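Here is the structure we will look at.
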Amino acid sequence: MELVLERPDQAARGPQAHAGRAVPTPSIPLEELSDAELVALCLAGEREGFTVLTRRYGATVVAFAFSRLGDRDRAEEVAQESLVRAFERLWSLKAPRVFASWLLGIANHVVLQELERRSRSVPLDEAPEATSGDAGGPAAASFAGESRARMLREVNALPPHYRLTMLLKYQEHLSCEEIALRVGVSEGTVRSRLARAYRLLREVLADYEEDL
Amino acid sequence: MMCREFQGLIEAYLTGMMHKGGVADFEGHLRSCSACAERFRKAEALLSETGSALEWAMPEADVTDRLVERVAAAAIAPQKTWGDVMREQWERAPWWMISAAVHATILMLMTVITVATASKKTDDIVITTDLAKKKEPEYDEKKIRDIFRNTKEVEAEELVENPVFVHEEVEVTDHFETENDMDTHTARGQEDAISDIPLGGTGVVGNIGVGGGGAGCFGYRTGGGRRRCVAKFGGSRASESAVDAALRWLARHQEPDGHWDTQKYGPKNPNDTGCTGLACLAFLGAGHTERAGKFKNNVKAAVAWLMQNQNNEGAVGRKEQHFGYHHAIGALALAEAYGMGRNPKVGEAAQRALDWSIDKHQVEYSGWRYSAKQAADLSVTGWFVMQLKSAKVAGLKVQGKAFSGAMAFVDKCTTKPDQRPANVYGGPYDYTYGGLCGYMNASEKVGPTTTSIGLVCRLFMGVKPREQIMLGGAECLLKNLPSWSATPSYFRNAKGGNFYYWYYGTLSMFQIGGHYWKAWNVAMRDMLIQNQRRGGDEDGSWDFAGDELGAREGGRVYTTALGALCLEIYYRYLPMYGK
Chain A
1 MELVLERPDQ AARGPQAHAG RAVPTPSIPL EELSDAELVA LCLAGEREGF TVLTRRYGAT
61 VVAFAFSRLG DRDRAEEVAQ ESLVRAFERL WSLKAPRVFA SWLLGIANHV VLQELERRSR
121 SVPLDEAPEA TSGDAGGPAA ASFAGESRAR MLREVNALPP HYRLTMLLKY QEHLSCEEIA
181 LRVGVSEGTV RSRLARAYRL LREVLADYEE DL
Chain B
1001 MMCREFQGLI EAYLTGMMHK GGVADFEGHL RSCSACAERF RKAEALLSET GSALEWAMPE
1061 ADVTDRLVER VAAAAIAPQK TWGDVMREQW ERAPWWMISA AVHATILMLM TVITVATASK
1121 KTDDIVITTD LAKKKEPEYD EKKIRDIFRN TKEVEAEELV ENPVFVHEEV EVTDHFETEN
1181 DMDTHTARGQ EDAISDIPLG GTGVVGNIGV GGGGAGCFGY RTGGGRRRCV AKFGGSRASE
1241 SAVDAALRWL ARHQEPDGHW DTQKYGPKNP NDTGCTGLAC LAFLGAGHTE RAGKFKNNVK
1301 AAVAWLMQNQ NNEGAVGRKE QHFGYHHAIG ALALAEAYGM GRNPKVGEAA QRALDWSIDK
1361 HQVEYSGWRY SAKQAADLSV TGWFVMQLKS AKVAGLKVQG KAFSGAMAFV DKCTTKPDQR
1421 PANVYGGPYD YTYGGLCGYM NASEKVGPTT TSIGLVCRLF MGVKPREQIM LGGAECLLKN
1481 LPSWSATPSY FRNAKGGNFY YWYYGTLSMF QIGGHYWKAW NVAMRDMLIQ NQRRGGDEDG
1541 SWDFAGDELG AREGGRVYTT ALGALCLEIY YRYLPMYGK
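The listed protein sequences derive, respectively, from chains A and B.
Numbering follows this note's numbering, with no gaps: position 69 of the first sequence is 69.
Numbering follows this note's numbering, with no gaps: position 253 of the second sequence is 1253.
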């Protein structure tokens, strides 16, 4: 699998065209490109690249939003909003290989806005528990068992790289090698992130683990 | 494996981060300890449930198709013009922002008009000035080199009414932080090989033992462990600064393909393999491996070059004069690089080099010299013994017969108590205890340099540092402390610099310890620090006397690598017996 790198055709590109970046000309299916290569394609105006990224991470973003909001329809809307924002601001992404973490960061921001909007519109006596930072959505407790909601909350509270690795492993069922290829790091780094995520989760869920 | 260690490794095991040996130990403990087995089961169950929860949160499969359509409709399909974007922004903007923008525009216009009117009334005034050239800082040769930042002393017990909290952004690392601050555990060397236990047994092989002794471990070459060793064994900020400067010089003068071109820095003939090995050892000695440390790329390139120059039989190096040295030093560097970096390809190369040393090069029941099976000399044998020891510590398979032969040859070169050799260099000597060494036997070319090699060989093969035969040699070295201008030369009565002697002497006196090490350390450390070049292209390197054997062959690369290795002694190998 070899990519030929060439300058983007500036004249034919859309408003997000980003001069000066090397762009891979795919001689292989787009689905096999890494995130960084797809981002480079998008910036050169190949919008199909973003479609592939949407297919790749759309469900993960919906799941992430759902675990915070507890509402599947609203989660889809949040995911859509996040993806649109990501597309519009793709030019500002300095390290294309961290696209997935960056996208989840945007989703986190949209979720927080949604929670804030809810807290303003819901009367005080009906308001859910206060949510702040990376804390999970209060509705989580109502839509599933308390323990499951707590686990989702703790996964969401992990540092971005660790959270993404967990999501790709357990939601996309990718192997460490596949995760490494997708996010553009070594396999050892993926394993290390996973091990750290496990350790952090075991620390915060120590009481739960004790009862298992 | 202890229970505590087991529990700290659960995550590493579950993610497949452990090496084979570690997995075997881990699983062995898992089978034998019911409490840990239960803890492991709970951890697995927790992670399994977390995985199930994450899976449960996933939406239906058709969500992706819907999202693609919606995102395309919302962002991708409509090709917005600049006017569309501006109109959108205008509509979204609050009234106060529009008001502010209008006021700002008016204010700007008024300013422009005022300035334009005023400038017509004045003549242009041109001021010329000579900009002072930025002065290059002069290099103060007397100033002590110090790479450490000055830290402010604070009273720890003093209470502060309004403490200031500083939040620094920290970079998230991809690896576990370790006690020694390096980003991988492997940089510490093979844990199993570290031991302060005196080596038991009477036979040579028994003394080396599985895993090697304290002298063979890779010590605490990095981070907190290194700082403690520097403080404990007589190093200083200045010695650490000198090591740093020396490594920088070596890094600056490494060729793009990873080797050092010795002819550029002194010698008439190339001696690249041995010097590349020495430079590589200098980096490894300060904890830089192929995978960790700021010079990891230098180490990686040097190791790759050594491997490229290994032939099919296992011999390392180009066809250079006195080939035995080159192979032994190159192979020693490969063994250490493998011991610290655990790269299987390097391990395979180091093993082949080791087998070649023993099967093809060593004289049966004796040592080594320049070419295969040539009658041994102590100088070349010293490097081979270090190779065997490092290979052993790195976990490679070393044939016992190699040590037996080496020990027999070292014995042959060592004087017995009251034996007076026919031909000696330097002096005066006390022959009472014996322990002095000659070049190819105990009666000729006896001197402090060969004696220091004999001491190192014995120490690396398990002889206790305070045995009588060792103290006889140590007394000889004590009478010939390092001196920039007055150290006995290699095999001559002439005086001059002798990095070769300083290196072996440092290795041996450090292990022997006591007043021997104190005296040697002060002389060696201060001499090297004071004579290290400062400023210019040669900053961080050491000069060499033109006729000094070794330096004449290896030039500045050789002296700088050995100088750094001498000053890394405090942490390069742990002392065999706790001091």
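Even for Gly, the Cβ is constructed at its ideal location relative to N, Cα and C.
No experiment lies behind these values; they were computed from the predicted model shown.
Interface positions of the stretch 70-86 of chain A facing chain B (Cβ-Cβ less than 8 Å), listed along the chain: 72, 75, 76, 79, 80, 83, 84
Rounded separation between residue 1404 of chain B and residue 1410 of chain B - CA only: In the second sequence, the residue the question calls residue 1404 of chain B occupies position 404. In the second sequence, the residue the question calls residue 1410 of chain B occupies position 410. Each residue's Cα considered, the two are about 10 Å apart.
Where the alpha helix (DSSP H) through residue 176 of chain A begins and ends | Counting from 1 along the first sequence, the entry for residue 176 of chain A is found at position 176. It spans 176-183 - the alpha helix (DSSP H) in which residue 176 of chain A sits, taken as one unbroken run.
In whole angstroms, what separates the C-alpha of residue 1236 of chain B from that of residue 1478 of chain B?
Taking the second sequence and counting its residues from 1, the one referred to as residue 1236 of chain B is at position 236. Taking the second sequence and counting its residues from 1, the one referred to as residue 1478 of chain B is at position 478. In a straight line, the C-alpha of residue 1236 of chain B is about 22 Å away from that of residue 1478 of chain B.
Self-check item: Reference residue 1261 of chain B; option with closest CA among B:1565, B:1555, B:1574, B:1570
Solution: The sequence position of residue 1261 of chain B within the second sequence is 261, counting from 1. For the residues B:1565, B:1555, B:1574, B:1570, the minimum Cα distance to residue 1261 of chain B belongs to B:1555.
Inset, instruction - Measure the C-alpha to C-alpha separation of residue 38 of chain A and residue 55 of chain A and round it to an integer number of angstroms. - result: Residue 38 of chain A sits at position 38 when you count from the first residue of the first sequence. Residue 55 of chain A sits at position 55 when you count from the first residue of the first sequence. So the two alpha carbons sit approximately 12 Å from each other.
_Contact set between residue 111 of chain A and chain B, taken where Cβ atoms lie within less than 9 Å_ = What you label residue 111 of chain A is simply residue 111 of the first sequence in a count that begins at 1. The premise fails here: residue 111 of chain A is roughly 13 Å from chain B at the closest Cβ pair, so nothing lies under 9 Å.
- Message: Would you call the stretch 57-76 of chain A in contact with the stretch 192-207 of chain A, where contact means no fewer than 3 C-beta pairs closer than 8 Å?
- Response: no
- Use the C-beta contact count for residue 1005 of chain B: other C-beta atoms within 10 angstroms, 16 or more gives buried, fewer gives exposed. Locating residue 1005 of chain B in the second sequence gives position 5, where the first residue counts as 1. Flag for residue 1005 of chain B reads exposed.
Discussion item. Please confirm whether residue 1347 of chain B has its beta-carbon closer than 9 Å to some beta-carbon of chain A.
Written reply: For this step, residue 1347 of chain B is matched to residue 347 along the second sequence. Chain A contact via Cβ: absent.
Worksheet item: Skipping 5 residues on each side, what residues in its chain have a beta carbon closer than 7 Å to that of residue 118 of chain A?
Response: Mapped onto the first sequence, residue 118 of chain A falls at position 118. Contacts found: none.
Pick out whichever of B:1322, B:1300, B:1067, B:1473 has its Cα sitting closest to the Cα of residue 1432 of chain B. On the second sequence, position 432 is the one that residue 1432 of chain B refers to. Nearest C-alpha to residue 1432 of chain B: B:1473.
task: On a CA-only basis, which of B:1374, B:1424, B:1365, B:1434 is nearest residue 1407 of chain B? Give me that one, please.
output: To locate residue 1407 of chain B, count along the second sequence from 1; it is residue 407. Nearest C-alpha to residue 1407 of chain B: B:1365.
Practice prompt. Kindly list, in the order they appear in chain B, the residues whose Cβ is closer than 8 Å to that of residue 66 of chain A.
Written response: Taking the first residue of the first sequence as 1, we reach residue 66 of chain A at position 66. Residues of chain B passing the Cβ test: 1057, 1059.
| So is residue 1256 of chain B buried or exposed if we call it buried at 16+ other beta carbons inside 10 Å? | Position 256 of the second sequence holds residue 1256 of chain B. That one is exposed.
Q) Around the C-beta of residue 1471 of chain B, are 16 or more other C-beta atoms found within 10 angstroms, so that it is buried, or is it exposed? A) Position 471 of the second sequence, counting from 1, holds the residue named residue 1471 of chain B. Result: buried.
Next item on the list: Could you say which of B:1072, B:1309, B:1515, B:1028 lies nearest to residue 46 of chain A if we only look at CA atoms?
Entry: If you number the first sequence from 1, residue 46 of chain A lands on position 46. Among B:1072, B:1309, B:1515, B:1028, the Cα nearest to that of residue 46 of chain A belongs to B:1072.
- Message: For residue 1272 of chain B and residue 1307 of chain B, I'd like the C-alpha separation in whole angstroms.
- Response: Taking the second sequence and counting its residues from 1, one reaches residue 1272 of chain B at position 272. Taking the second sequence and counting its residues from 1, one reaches residue 1307 of chain B at position 307. So the alpha carbons of these two residues sit roughly 14 Å apart.
How many whole angstroms separate the CB atoms of residue 1427 of chain B and residue 1415 of chain B, which I take to be in contact at a CB cut-off of 8 Å? Start at 1 with the first residue of the second sequence, and residue 1427 of chain B comes out as number 427. Start at 1 with the first residue of the second sequence, and residue 1415 of chain B comes out as number 415. Between residue 1415 of chain B and residue 1427 of chain B the Cβ distance is about 13 Å, and since that is not below 8 Å, they are no contact.
* First through last residue of the alpha helix (DSSP H) which encompasses residue 1498 of chain B -> Position 498 of the second sequence, counted from the first residue, corresponds to residue 1498 of chain B. Unbroken run through residue 1498 of chain B: none, as it is neither H nor E.
task: Could you list which residues in chain B have their beta carbon closer than 7 Å to that of residue 209 of chain A, in chain order?
output: Residue 209 of chain A sits at position 209 when you count from the first residue of the first sequence. Near residue 209 of chain A (Cβ distances below 7 Å), the residues of chain B are 1042, 1043, 1046.
Discussion item. Can you confirm whether the stretch 1527-1544 of chain B touches the stretch 1510-1517 of chain B when touching is taken to mean that 3 or more C-beta pairs between the two stretches lie within less than 8 Å?
Written reply: no
Note to self: Please report the straight-line C-alpha distance between residue 1283 of chain B and residue 1040 of chain B, rounded to a whole angstrom.
What the structure shows: Numbered from its first residue, the second sequence carries residue 1283 of chain B at position 283. Numbered from its first residue, the second sequence carries residue 1040 of chain B at position 40. Each residue's alpha carbon lies about 40 Å from the other.
Check your understanding: Using the beta-carbon of each residue, which ones in chain B are nearer than 7 Å to residue 191 of chain A?
Key -> Locating residue 191 of chain A in the first sequence gives position 191, where the first residue counts as 1. Chain B residues near residue 191 of chain A: 1015, 1016, 1017.
**Q.** Cβ-based neighbour list, residue 1267 of chain B, same chain, cut-off 8 Å, excluding 5 preceding and 5 following
**A.** Against the second sequence, residue 1267 of chain B aligns to sequence position 267. Excluding sequence neighbours, residue 1267 of chain B sits near 1552, 1553, 1554, 1555.
Figure out for me which residue from B:1105, B:1089, B:1056, B:1239 has the closest Cα to the Cα of residue 1147 of chain B.
-> For the purposes of this step, residue 1147 of chain B is taken as the residue at position 147 of the second sequence. Ranking the options by Cα distance to residue 1147 of chain B, first place goes to B:1239.
Practice problem: With 9 Å as the C-beta to C-beta threshold (strictly closer), list the residues of the stretch 1463-1485 of chain B near chain A in chain order. | Solution: none
Taking its Cβ as the centre, do 16 or more other Cβ atoms sit within 10 Å of residue 1562 of chain B, making it buried, or is it exposed?
Sequence index remark: in the second sequence, residue 1562 of chain B carries index 562 (1-based). Burial call: buried.
Practice task
Report the neighbours of residue 1030 of chain B on chain A: residues whose CB is nearer than 9 Å to its CB, in chain order.
Solution key: Taking the second sequence and counting its residues from 1, one reaches residue 1030 of chain B at position 30. Within 9 Å Cβ-Cβ: nothing; residue 1030 of chain B doesn't reach chain A, min ~17 Å.
Assuming the contact rule is C-beta atoms closer than 8 Å, residue 1436 of chain B and residue 1387 of chain B should be a hit. Round their C-beta distance to whole Å, please. Start at 1 with the first residue of the second sequence, and residue 1436 of chain B comes out as number 436. Start at 1 with the first residue of the second sequence, and residue 1387 of chain B comes out as number 387. At roughly 25 Å, the Cβ-Cβ gap does not stay under 8 Å, so residue 1436 of chain B and residue 1387 of chain B are not in contact.
For residue 148 of chain A, which residues in chain B fall below 7 Å Cβ to Cβ? Translated into positions along the first sequence, residue 148 of chain A becomes position 148. Correct list: 1053, 1056.
Cross-chain neighbours of residue 953 of chain B in chain A, by beta carbon under 7 Å: Residue 953 of chain B lies beyond the stretch modelled for chain B, which goes from 1001 to 1579, so this question has no answer here.
- prompt: Exposed or buried, what is residue 80 of chain A when buried is set at 16 or more other beta-carbons lying within 10 Å of its beta-carbon?
  reply: Taking the first sequence and counting its residues from 1, the one referred to as residue 80 of chain A is at position 80. Buried is the call here.
Original post:
Which residue or residues does DSSP assign as beta-bridge partners of residue 1437 of chain B?
Top reply: Here residue 1437 of chain B is taken as the residue at index 437 of the second sequence, counted from 1. According to DSSP, residue 1437 of chain B bridges with B:1414.
- Ordered along the chain, which non-local residues of its own chain (more than five positions away) have a Cβ less than 7 Å from that of residue 1171 of chain B? To locate residue 1171 of chain B, count along the second sequence from 1; it is residue 171. Because residue 1171 of chain B sits at a pLDDT of 39, beneath the cut-off of 50, its placement in the model cannot be relied upon, and the point is left open.
Would you verify that the beta carbon of residue 62 of chain A is, or is not, closer than 9 Å to some beta carbon of chain B? Counting from one through the first sequence, the residue named residue 62 of chain A turns up at place 62. It does: the Cβ of residue 62 of chain A has a partner Cβ on chain B nearer than 9 Å.
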